[in-house]
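Below: one structure, written as structure tokens.
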Amino acid sequence: MDKSQMGDDIGRIPNTIILPAWEDYPPGLKMKAKLLWRKFTDTVVGMSTLIYAAKWDVPKDKRTGKSKRHPLSLNKRVELGLAYHSLLNTGLANGSLRGLKIMCASGLYDHCKKLIDEAKEQGYARKEWVLVSYEGIQYPQWLVGIWPLSVFLPNAHARVVSDRVVAVPFGKQSYLRECIVRIKSVQLVRIQTDRDPIIHQDRRTEHIVLQKINLDGEEGEWKVWGTIDPSKEELHDILDGKHQDSSPNSFVQEFKSRVSSLSGMNF
């Protein structure tokens, strides 16, 4: 496939383990220690791939001869995840296809458009999504950007749980970067009816997947791939010592449920 035909959605990076929040860890110090060690090693491996792709394997400026290094933007990841999370939920609730097309990868956009079109055909009810509050401690942005301290900040309202890079076979210095942000919040969805509005409010823990593709050393734009849920099966495999480490040579996989936990999608 030529890189011009690649599009902006080539699936998720395989074998990316999303560990649960601390309060959902299994009991026992041995089990917790094993998961914390896995979190640390995954973070170190992920950071090494980021540094290599952004600082080492980069093209040189033809005029100056200097390497065209890219910023890691570690202190902006949580902020970006929160912004996209809010915009995506609002767009889904309002049925705003224009906004969704800008922020979503093509696969997610097509899925959202299909659901919105079907809802309109069945008598679209006006909806409003409201972020009531975040759950947990809102740490300052500069602290969130300090690695590896940010990985272990307790009870954070939003946290980067994975940030990795894999090479893509299109041109030189071409990579897929995938950043997954866990967000804990209280949300409200208000559905307008002929009588009193219907209001749903609940607490949610969501994992929003952000991706960008850099081709030939040029940075792409961040897109929302979708949301995912931690896999209990993979968690048990880690605890039993059965789970295999990630393979950087394999990166295309079947699309998973894109919006399994987003409030705005629940038409």
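Count along the sequence shown from 1, then add 1084; that gives the number in this note's numbering. Each residue gets a CB set at the ideal place from its N, CA and C atoms; glycine is no exception. What you are looking at is a predicted structure, and each value in this text was computed from that prediction instead of being measured.
Beta-carbon contacts of N1159 that lie in its chain and below 7 Å, excluding the five residues immediately before and after:
Start at 1 with the first residue of the sequence shown, and residue 1159 comes out as number 75. Q1225, W1226, V1228, G1229.
What's the gap between the Cα of N1333 and the Cα of V1265?
Stepping through the sequence shown from its first residue, residue 1333 is reached at position 249. Stepping through the sequence shown from its first residue, residue 1265 is reached at position 181. For N1333, the predicted model reports a pLDDT of 38, less than 50, meaning its position is unreliable; a value from the coordinates is still stated below. Distance between the alpha carbons of N1333 and V1265 is about 24 Å.
Roughly how many angstroms lie between the CA atoms of R1210 and A1117, to the nearest whole one?
Position 126 of the sequence shown, counting from 1, holds the residue named residue 1210. Position 33 of the sequence shown, counting from 1, holds the residue named residue 1117. Their backbone Cα atoms lie some 48 Å apart in a straight line.
Relative to the C-alpha of G1179, which residue among R1161, A1203, A1189, S1157 is closest?
Against the sequence shown, residue 1179 aligns to sequence position 95. Distance from the Cα of G1179 is smallest, within the candidate group R1161, A1203, A1189, S1157, for A1203.
Beta-carbon separation of A1240 and G1165 under 8 Å?
Numbered from 1 along the sequence shown, position 156 holds the residue referred to as residue 1240. Numbered from 1 along the sequence shown, position 81 holds the residue referred to as residue 1165. Contact: no.
Closest by CA to I1200, which one among Y1223, G1175, P1281?
Taking the first residue of the sequence shown as position 1, residue 1200 is located at position 116. Ranking the options by Cα distance to I1200, first place goes to G1175.
Can you tell me which residues form a DSSP beta bridge with I1297?
As a working mapping, residue 1297 is identified with position 213 in the sequence shown. Under DSSP, I1297 takes part in a beta bridge, and its partners are L1260.
When the Cβ atoms of the segment 1248 to 1265 are set against those of the segment 1097 to 1115, are three or more pairs found closer than 8 Å?
yes
Any 3 or more C-beta pairs closer than 8 Å across the segment 1135 to 1142 and the segment 1180 to 1189:
no
How do the segment 1242 to 1256 and the segment 1130 to 1138 stand: do at least 3 beta-carbon pairs fall below 8 Å, yes or no?
yes
Nearest to S1170 (by Cα), restricted to the options L1272, H1284, E1303:
As a position in the sequence shown, residue 1170 is number 86, starting the count at 1. Selected option, being the one with the closest Cα: L1272.
Which term fits G1220, buried or exposed, when burial requires 16 or more other beta carbons within 10 angstroms of its beta carbon?
In the sequence shown, counting from the first residue as 1, residue 1220 sits at position 136. Around the beta carbon of G1220, a 10 Å sphere encloses 16 or more other beta carbons of the protein chains shown; the residue is thus reported as buried.
Go ahead and pull the three-state DSSP assignment for H1154.
Residue numbering aside, residue 1154 sits at position 70 when the sequence shown is read from its first letter. Coil at H1154, not helix or strand.
Take V1308 as the anchor and find which of G1207, W1231, R1161 has the nearest alpha-carbon.
Counting from one through the sequence shown, the residue named residue 1308 turns up at place 224. For the residues G1207, W1231, R1161, the minimum Cα distance to V1308 belongs to R1161.
Beta-ladder partner(s) of A1251, from DSSP:
Locating residue 1251 in the sequence shown gives position 167, counting from the first residue. For A1251, which the question treats as bridged, DSSP gives the partners Y1259.
Between V1214 and R1122, how many whole angstroms is the CB-CB distance? I'm expecting something under 8 Å.
Here the question's residue 1214 lines up with position 130 in the sequence shown. Here the question's residue 1122 lines up with position 38 in the sequence shown. 36 Å between Cβ atoms; not a contact.
Taking P1238 as the reference, which of I1101, D1093, W1106 has the closest Cα?
Within the sequence shown, residue 1238 is the residue found at index 154, counting from 1. Looking at the Cα atoms, W1106 is the closest of the given residues.
Cβ-heavy atom distance between D1145 and the ligand ZN below 7 Å?
With respect to small molecules bound, the structure shown includes none, and the ligand ZN cannot be examined in it.
Strictly under 8 Å for the Cβ-Cβ distance: is P1110 near chain C by that measure?
You won't find chain C in this structure, because it holds only one protein chain.
Quick one: grab the DSSP three-state call for H1169.
Taking the sequence shown and counting its residues from 1, the one referred to as residue 1169 is at position 85. If DSSP states are grouped into helix, strand and coil, H1169 belongs with the helices.
For the beta strand (DSSP E) holding S1132, just list the boundary residues, first then last.
Sequence index remark: in the sequence shown, residue 1132 carries index 48 (1-based). Segment 1113 to 1135 is the alpha helix (DSSP H) holding S1132; no beta strand (DSSP E) there.
Comparing C-alpha positions only, which one of P1314, G1255, D1280 sits nearest to E1302?
In the sequence shown, residue 1302 corresponds to position 218, counting from 1. Of the listed residues, the one whose Cα sits closest to E1302 is G1255.
Among Q1257, H1195, L1134, G1207, nearest to L1299 - alpha-carbon criterion
One-based indexing of the sequence shown puts residue 1299 at position 215. Of the candidates Q1257, H1195, L1134, G1207, the residue whose Cα lies closest to the Cα of L1299 is Q1257.
Name the residue from E1212, G1304, I1292, V1293 whose alpha carbon lies nearest to the alpha carbon of I1282.
In the sequence shown, residue 1282 corresponds to position 198, counting from 1. That would be E1212, whose Cα lies nearest to the Cα of I1282.
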